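K.L.:
Here's a structure for you.
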Amino acid sequence: MTGALFGDSTSLHVNVPAGGSGQPAPASRSPEAPRIRTSDLPDVDDFAPDDDDVRMADASQEFEELPPAGLFDHVQAFPGDGLPVPDRPLIAPLVPMLTLREEYENGSQGFVKQIDWLMDQGWIGIRRARGDGDCFYRALAFAYVENILNASDNLLAASSALSVLEATIPQLENVGFQRMVFEDFYDCLAGLINQVINPVDNRLLTIDLLLEAFNNPEVSNSIVVYLRLLTSAEIKTNPDYAAFLLHPETGEQMDPENFCNNFVEAVGKEADHPQMNALSTALKVNVNIAYLDGHDPQGQVSFVPFQNAPFTFIEPVNLLYRPGHYDILDRRDADPMPPLLV
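So, in structure tokens, the structure goes:
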């Protein structure tokens with residue numbers, strides 16, 4: 001296996017045309033093999049602290065080690081009991097990027113430069129995800145379904161996505177996950193995609209209904225769990241990942257089973273490049289991740305592309321990374337207004 005399996009967050013600078021589709025322009029050279037240890041990422045101290053993330057460290061401890069079956073029992077027993085930090089939405093409405101800029105104005109100007117650069121490239125909006133360790137999976141899932149909803153041919157996009165999703169069921173079963181454990185989680189994601197083209201209670205999916213679903217802890221957490229199981233299945237199925245499975249704190253090599261049990265299937269555990277590549281591969285969706293680190297003297301932002309869907313009917317998912325956290329990048333600065341009733 002070559003280093004091309006993952007993107008390179010340290011060397012890839014991509015200028016994104018302001019009027020583009022969300023796909024970064026090709027880099028001038030192929031990305032090198034990544035350094036995927038946590039120690040290679042920017043220091044947390046360089047960033048403005050997120051109160052939600054600080055409070056989350058202790059509050060979510062009881063959730064982190066729950067296996068899939070245990071979380072299934074928890075969701076069923078306490079359908080309204082989501083992860084902690086209830087004052088921030090699991091997924092927030094779209095807001096101008098200027099709101100993020102304001103948070104850094106009195107801090108490092110390196111971040112302000114990078115945010116200005118993003119806005120100059122057309123990234124004028126941000127959709128926040130709650131900082132609970134599941135933000136990568138939750139943000140990707142929301143952006144994925146929203147891109148299906150907004151596709152120029154959403155019938156084709158939804159039908160294709162449902163076909164891909166259905167094919168993941170035997171993949172999970174082949175690595176030992178029982179259908180009775182994951183089928184409800186699967187149904188939450190498949191049901192939302194299906195509602196893009198088939199009304200539920202006489203209503204097709206809208207951005208407001210999508211936000212409502214993702215802020216329902218039972219639905220939102222179920223989708224996160226399914227994506228974690230799918231990521232685990234992809235890693236266990238493909239031996240090429242083995243060389244990249246490192247303990248995020250010690251850097252020691254881990255076998256796929258232990259890595260997935262501890263850092264993929266357990267909720268509240270952050271994702272690194274192996275998980276990102278595995279999930280984008282399993283869903284057949286392209287993902288671009290912008291790294292906000294404040295280190296580039298010119299204020300440019302590195303985009304790491306996970307291009308695993310050469311033929312797709314939806315736009316790439318675009319995420320913004322800050323240490324330990326992911327939000328959704330957008331070229332709009334507000335959600336569309338609902339249509340007026342006649």
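When you number the sequence shown by the UniProt record's numbering, it's gap-free, plus one each residue, and the end is 342. Glycine included, C-beta positions come from ideal geometry on N, C-alpha and C. Nothing here was measured: the structure is a model prediction, and the numbers come from that model.
Which residue spans inside the region 117-205 form an unbroken beta strand (DSSP E) run of at least 3?
P.N.:
125-129
K.L.:
For Asn318, name the three-state secondary structure that DSSP assigns.
P.N.:
strand
K.L.:
Cutting at 7 angstroms between CB atoms, please list the residues of its own chain near Asp208, excluding the five before and the five after it.
P.N.:
Pro338
K.L.:
For Tyr104, report the span of its alpha helix (DSSP H) as first-last.
P.N.:
98-104
K.L.:
Whole angstroms is fine: what's the gap from Asp120's alpha carbon to Arg179's?
P.N.:
47 angstroms
K.L.:
Going by the DSSP bridge assignment, what does Asp327 pair with across the sheet?
P.N.:
Leu320
K.L.:
Where does Gln253 fall in DSSP's three states?
P.N.:
strand
K.L.:
Considering only residues of the same chain and omitting the five flanking positions on each side of Asp116, which have a CB-CB separation below 8 angstroms?
P.N.:
Arg101, Gly299
K.L.:
For Phe313, which residues in the same chain have their Cβ closer than 7 angstroms to its Cβ, ignoring the five residues on either side in sequence?
P.N.:
Ala151, Asp153, Leu156, Ala157, Ser160
K.L.:
Who are the Cβ neighbours of Gly110 in its own chain at under 7 angstroms, not counting the five residues just before and after it?
P.N.:
Gly294, His295
K.L.:
Using CA coordinates, which residue listed in Phe311, Arg127, Val200 is at the minimum distance from Leu211?
P.N.:
Residue Arg127 is the option with its Cα nearest to Leu211.
K.L.:
CA-CA distance, Asp255 and Ala233?
P.N.:
14 angstroms
K.L.:
State the Cα-Cα distance for the pair residue 344 and Arg332, rounded to the nearest angstrom.
P.N.:
Absent from the structure is residue 344, since the part of the chain shown begins at 1 and ends at 342.
K.L.:
Within 10 Å of its beta-carbon, does Pro297 have 16 or more other beta-carbons around it, so buried, or fewer, so exposed?
P.N.:
exposed
K.L.:
Give the range of the alpha helix (DSSP H) segment to which Asn221 is assigned.
P.N.:
217-237
K.L.:
In terms of alpha-carbon separation, which member of Lys113, Asn202, Asn215 lies closest to Pro93?
P.N.:
Asn215
K.L.:
Grouping DSSP H, G and I as helix and E and B as strand, with all else coil, what is Pro336?
P.N.:
coil
K.L.:
What do you reckon, are the CB atoms on Glu270 and Gly131 nearer than 8 angstroms?
P.N.:
no
K.L.:
Could you round the C-beta distance between Ala266 and Lys284 to whole angstroms and report it? I think they count as a contact, below 8 angstroms.
P.N.:
That belief does not hold up - the Cβ atoms of Ala266 and Lys284 are roughly 25 angstroms apart, past 8 angstroms.
K.L.:
Quick one, which of Asn194, Pro199, Asn277, Asn286 has its alpha-carbon nearest Thr231's?
P.N.:
Ranked by Cα distance from Thr231, the first of Asn194, Pro199, Asn277, Asn286 is Asn277.
K.L.:
Using the C-alpha atoms, what's the distance from Cys135 back to Leu205?
P.N.:
22 angstroms
K.L.:
Since I believe Pro305 is in contact with Asn288 (beta carbons under 8 angstroms), could you give me their beta-carbon distance rounded to a whole number of angstroms?
P.N.:
5 angstroms
K.L.:
Could you name the residues that DSSP lists as bridge partners for Gly306?
P.N.:
A quick correction: the sequence has Phe, not Gly, at residue 306. According to DSSP, Phe306 bridges with Val287.
K.L.:
Tell me the rounded alpha-carbon separation between Leu228 and Ala143.
P.N.:
In the sequence under discussion, the amino acid at residue 228 is Arg, which differs from the Leu named in the question. Rounded to the nearest angstrom, the two C-alpha atoms are 16 angstroms apart.
K.L.:
Measure the alpha-carbon distance for Ser220 versus Arg138 and round it to whole angstroms.
P.N.:
7 angstroms
K.L.:
Assuming Leu165 and Val196 form a contact by the criterion Cβ under 8 angstroms, report the distance between their Cβ atoms to the nearest whole angstrom.
P.N.:
13 angstroms between Cβ atoms; not a contact.
K.L.:
Distance, Cα to Cα, Tyr226 vs Tyr186?
P.N.:
6 angstroms
K.L.:
Bridge partners of Val95, per DSSP?
P.N.:
Ile126
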